[in-house]
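Colleague:
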DNA sequence: AGAGTAACCGAACGATCGGTCGGTTCAAGG
DNA sequence: CCTTGAACCGACCGATCGTTCGGTTACTCT
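Chains as they are written, first to last, in UniProt numbering: chain D, 1 to 195; chain Z, 1 to 195.
Next up, the structure:
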């Protein structure tokens, strides 16, 4: 068993700094010089901990994707009426988004310029399809409205949920993750009109 | 009156090419070399038409912002019951988003790295506030539900609308702009449950 | 105290960045 | 036919990109 030798960086602690800067400046807009300033170590020292810029990206988006897929394995997402399972997934997605905010933020901004980015986009598509099937099942059972196409509705609901990364900030005293999740569930299922 | 001397580029036609590449690779991920390849002219020739990379960005986001603000000046957005005015703005935002898709897409992705980007973010905030006030008025009149905070609801509705740029493609035979707008209005006001 | 090594650094690499410059091509107007 | 100027080009600029390398520091273990 190896313990930390001194108060220093690990790939994980370095990652948290990198992800913060990536989200502030964009991945392409962030240079290794920016990262070294933010981390307080020299540019070359970063390569002692990670293989390069792209490994940091891969570690970050992997963490976000693992969190999302884990939701689909939860019991409430697997058993029960489709509409209830959908509600559970929507609620947990919001909570996961907020819990792993910087990592999911980075994931949602990937454009596909590198191999790592294309891999992330593929896994995202897989996840989207899994949720779309849930909505489809709920529609087939007549538990949600059928006058809006399933694919279209899925994309719009995803859009609402994913947009949280654009404005949610944990530091300022606003709504908690549970409160945001509750608001999303209400709007997704009942809309703005009185319930 | 000056007519086009030969079949050549103008700042506007060059802009449409640049915006397409910006959206594919991201603004920071796009080099002038990328633009010159896509436009079919040399890198230095681009500078004959525009002052540089940032002017292309500014022209693009200006066009998107002008389109959005024009919606607020339309009669149906100024007179009538707040909830009806809100519905009109939501519907027109979707149509505008789709009509000016590449320009709005670029606008929604600026991060604030340059002066132009920060200016765009400021104008976006202004627009958001104007719509938030509309929702607030509708809530005060009891026309929409009050159990979800106005600021939160505004952000979520914006999130749903803005997410359209992430998946809508005019070439493939999918929903038309009117159909998407109708779907958004239904989900925003009534949600997934049966109306 | 001395060996071993994780952590770190400054300097420099070739490549590419956004942008400049002097000069060439080519169509319109007199 | 000749001048004019918009359109365009290849070559190049200093700066910065992600990354590498040789060497130094500082901590742990014996």
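Beta carbons: idealized from backbone N, C-alpha and C, even for Gly.
None of the values given here were measured: they were computed from a predicted structure.
What's the call for residue 69 of chain Z, buried or exposed, on a 16-neighbour Cβ count within 10 Å?
Modeller: By the 10 Å Cβ count, residue 69 of chain Z comes out exposed.
Colleague: Mapping the DSSP letters down to three states, classify residue 100 of chain D as helix, strand or coil.
Modeller: coil
Colleague: Less than 7 Å between C-beta atoms, sequence neighbours within five positions excluded: which residues of the same chain meet that for residue 116 of chain D?
Modeller: 54, 57 and 58
Colleague: Would you check if the segment 165-182 of chain D and the segment 84-95 of chain D touch, i.e. whether three or more CB-CB distances between them fall below 8 Å?
Modeller: yes
Colleague: Candidates D:113, D:177, D:149 and D:175: which alpha carbon is nearest residue 176 of chain Z's?
Modeller: D:149
Colleague: Could you check which residue in D:66, D:19 and D:188 has the C-alpha nearest to that of residue 38 of chain D?
Modeller: D:19
Colleague: Put residue 10 of chain D into one of helix, strand or coil per three-state DSSP.
Modeller: DSSP places residue 10 of chain D in coil when its eight states are reduced to three.
Colleague: For a contact defined as C-beta to C-beta under 7 Å, what are the partners of residue 33 of chain D on chain Z?
Modeller: Chain Z residues near residue 33 of chain D: none, gap ~14 Å exceeds 7 Å.
Colleague: Would you verify that the beta carbon of residue 28 of chain Z is, or is not, closer than 8 Å to some beta carbon of chain D?
Modeller: yes
Colleague: Would you say the segment 123-141 of chain D touches the segment 153-164 of chain D, given that touching needs at least three Cβ pairs under 8 Å?
Modeller: yes
Colleague: Tell me whether residue 157 of chain Z is buried or exposed, calling it buried when 16 or more other Cβ atoms sit within 10 Å of its Cβ.
Modeller: By the neighbour-count rule (16 or more Cβ atoms within 10 Å), residue 157 of chain Z is buried.
Colleague: Can you grab the Cα-Cα spacing for the pair residue 106 of chain D / residue 35 of chain Z, in whole Å?
Modeller: 25 Å
Colleague: In whole angstroms, what is the alpha-carbon distance linking residue 12 of chain D and residue 171 of chain Z?
Modeller: The straight-line gap from Cα to Cα measures roughly 43 Å.
Colleague: Just checking: is the beta-carbon of residue 167 of chain Z within a distance shorter than 8 Å of some beta-carbon in chain D?
Modeller: Judged by the 8 Å Cβ criterion, residue 167 of chain Z is in contact with chain D.
Colleague: With 8 Å set as the bound, which would you pick, yes or no: does the beta-carbon of residue 149 of chain Z sit closer than that to a beta-carbon of chain D?
Modeller: Residue 149 of chain Z counts as touching chain D.
Colleague: Residue 27 of chain D: buried (16+ other C-beta within 10 angstroms of its C-beta) or exposed?
Modeller: buried
Colleague: Inspect the beta-carbon positions of residue 192 of chain Z and residue 127 of chain D and report whether they are closer than 8 Å.
Modeller: no
Colleague: Spatial neighbours of residue 125 of chain D within its chain, please: C-beta separation below 7 Å, excluding the five flanking residues on both sides.
Modeller: In its own chain, leaving out the 5 sequence neighbours on each side, no residue places its CB closer than 7 Å to the CB of residue 125 of chain D.
Colleague: Checking contacts by CB at 8 Å: is residue 125 of chain Z closer than that to chain D?
Modeller: Chain D contact via Cβ: absent.
Colleague: Would you say residue 1 of chain D faces chain Z, with C-beta separation under 8 Å as the test?
Modeller: With a pLDDT of only 40 at residue 1 of chain D, under the threshold of 50, the placement of this residue in the model should not be trusted; the figure read from the coordinates follows. By this cut-off, residue 1 of chain D is not an interface position.
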